Amino acid sequence: SKEKFDAIVVGAGPSGNSAAYTLAKAGLKVLQIERGEYPGSKNVQGAILYADALEKIIPDFRDDAPLERHIIEQRMWVLDDHSFIGTHYRSDDDDKPPYNRYTIIRAQFDRWFSAKVREAGALLICETTVEALLMDGTRCIGVRCDRMGGEVYADVVILADGVNSTLARKAGFHGEIQAKNVALAVKEILFMPEETIQARFNVGEESGVVIEMMGSVTEGMVGTGFLYTNKESLTIGVGCMLSDFKANPNRTSPYTLLEKLKRHPSIAPLIAGGEMKEYCAHLIPEGGFHAVPQVYGDGWMIVGDSGGFVNAAHREGSNLAMTTGRLAAETVIAAKAAGKAMDAKTLAAYKAALDDSFVMKDLKKYRDMPEVLHSSRQFFTQYPALLNRAAKTMFTVDGIDKKTKEREIFGSFKAARRWGGLVGDAFKLLRAFR
Ligand code: FAD
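Residue numbering for the sequence shown is 2 to 435, as defined by the UniProt record's numbering.
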């Protein structure tokens, strides 16, 4: 068919839904194409939902969105094989509405979001894969699908097709995705009665806990683990850079790491009795600032994971996906209102809006982190062990005086890293987080 739309959105994850919703709400004629059986059927996330990004799109989302628990406590654990040392932050303020962060189950959440998109007036077609972008020279004029008559046309195509976007690559917008710029994460959902979760995690009927972990569990690979409380299930997962899995001399599989995490003496009692409901693996674009490709051109824009918009340091992805989707849509709406062509010059406003938002500001702040972590395995091996040992030394009461214990702790750090190493590591950390 030769039907033409104002915009075609490829993908119905958080970024595509945000773009399609915003466009349709403004009265534009929108076609959204999703390869999954239904939106969310293929999507994977921890998952923490950050309210702010969604609120800016659907202010009253709390009325009917499928939310699991709001987060009142954040734990950060540094593990060795037997123990952890960490910080917990818990606030009564976070237990008062409107809540700021929630756990969600993506399959349910994406379905809900998609229903909103259709209510707003967008046309959604599922079980349809976009195979290629239709180009007229450098201009993207539509998409070719594996169904529905093949070719569809639009003034602008928004690529919200997630990490490893083959479409942008095939069209030559950017190169092959690199193993050093993506993490491979695996996670399980473990069913557990609500009351058990509430008692084990010391929370109420609707509140929950997030545990973020790093240390010996990743065997020196750059990566982290997590444990989240849902309404009547727990999500536990672990992810490391794909390049590290490839280079791992033990050939440890992601699944083996997850099993190891589940057996850790500090984790095992929290998940005991949990019944596995779901297991999945997914890539996360964690290359950060330097890995963000060109995200607009003549008749096209890239949003969400497809553009590498993930803040790995803070485990934020879905909110960047939603914000980039919204900003891309707002750019199109403004251009259309002004009667401008959807060329690169007009769509550059999208990148300007990104630069002006927390999205690019945060990615820029952590721009050196991937490289620093990649070249500093000690943060995932020696330091977790040293910190845990220091805690053990200090808290064990054995007749040895505290001054001597202090000396022993400093001695263990110095022996492991030497003064030069310790000072160098301090600078590296400052550089990574500046
Ligand atoms: P996706 O959600 O991947 O959606 C892309 C969609 O496009 C899919 O529905 C796919 O089927 C469809 N598609 C792809 N190609 C085509 C095609 N050719 N034709 C048609 N359809 C296509 N973020 C957080 O904010 N909080 C968290 O706690 C969190 N935890 C995470 C834990 C894990 C294990 C993982 C893997 C990620 C996590 N993230 C988290 C990141 C977050 O999931 C992503 O940033 C977010 O899903 C990106 O949304 P998106 O819409 O860009 O992409």
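Glycine included, each C-beta is placed from N, C-alpha and C at the ideal position.
No experiment lies behind these values; they were computed from the predicted model shown.
Please state whether the Cβ-Cβ distance between I198 and L235 is less than 9 Å.
Contact: yes.
In whole angstroms, what separates the C-alpha of V239 from that of V183?
In a straight line, the C-alpha of V239 is about 14 Å away from that of V183.
How about A172 and W113: do their beta carbons lie closer than 9 Å?
For the 9 Å CB-CB criterion, A172 and W113 do not form a contact.
Under a Cβ-count criterion, where at least 16 other Cβ atoms within 10 Å of its own Cβ denotes burial, should L262 be classed as buried or exposed?
In the assembly as shown, L262 is a buried residue. Its beta-carbon has 16 or more other beta-carbons within 10 Å.
Determine the burial state of Q179: buried for a count of at least 16 other Cβ atoms within 10 Å of its Cβ, exposed for fewer.
Within a 10 Å sphere around the beta-carbon of Q179 sit fewer than 16 other beta-carbons, which makes this residue exposed.
Identify which residue in T139, Y100, R170 and S115 has its Cα closest to the Cα of E132.
With distances taken between Cα atoms, E132 lies closest to R170.
Would you call the region 117–126 and the region 27–41 touching, i.e. three or more CB-CB distances under 8 Å?
Between the region 117–126 and the region 27–41 there are three or more inter-stretch CB-CB distances shorter than 8 Å, so the stretches are counted as touching.
Name the DSSP bridge partner or partners of I9?
Under DSSP, I9 shares a beta bridge with L32 and V158.
Would you give the residue range spanned by the alpha helix (DSSP H) that K278 belongs to?
For K278, there is no enclosing alpha helix (DSSP H); the enclosing beta strand (DSSP E) covers residues E276 to P286.
Kindly indicate which residue of T397, D81, E120 and R70 has the alpha-carbon position closest to the one of I105.
For I105, the closest of T397, D81, E120 and R70 by C-alpha to C-alpha distance is R70.
In angstroms, rounded to a whole number, what distance separates the CA positions of Q75 and R316?
Whole-angstrom Cα-Cα distance: 13 Å.
When you measure from the CB of G318 to every non-hydrogen atom of the ligand FAD, does any distance come out below 8 Å?
Between the ligand FAD and the CB of G318, the shortest heavy atom gap is smaller than 8 Å.
CA-CA distance, K365 and G87?
Straight across, the Cα-Cα distance linking K365 with G87 is about 27 Å.
May I ask which residues mark the beginning and end of the alpha helix (DSSP H) holding D94?
D94 -> no alpha helix (DSSP H), and no H or E assigned at all.
In whole angstroms, what separates the C-alpha of N165 from that of D402?
Across the structure, N165 and D402 are spaced so that their CA atoms are roughly 56 Å apart.
Taking just the CA atoms, how far does T332 sit from L321?
Straight-line spacing of the CA atoms in L321 and T332 works out to 16 Å.
State the beta-bridge partners of E213 as determined by DSSP.
Paired residue(s): M77 and F227.
Ignore the nearest five residues each way along the sequence and tell me which others in K5's own chain have a CB closer than 7 Å to its CB.
For K5, where only same-chain residues beyond five positions count, the Cβ hits under 7 Å are Y154 and A155.
Considering only DSSP beta bridges, list what L185 is partnered with.
Its beta-bridge partners are C241 and L284.
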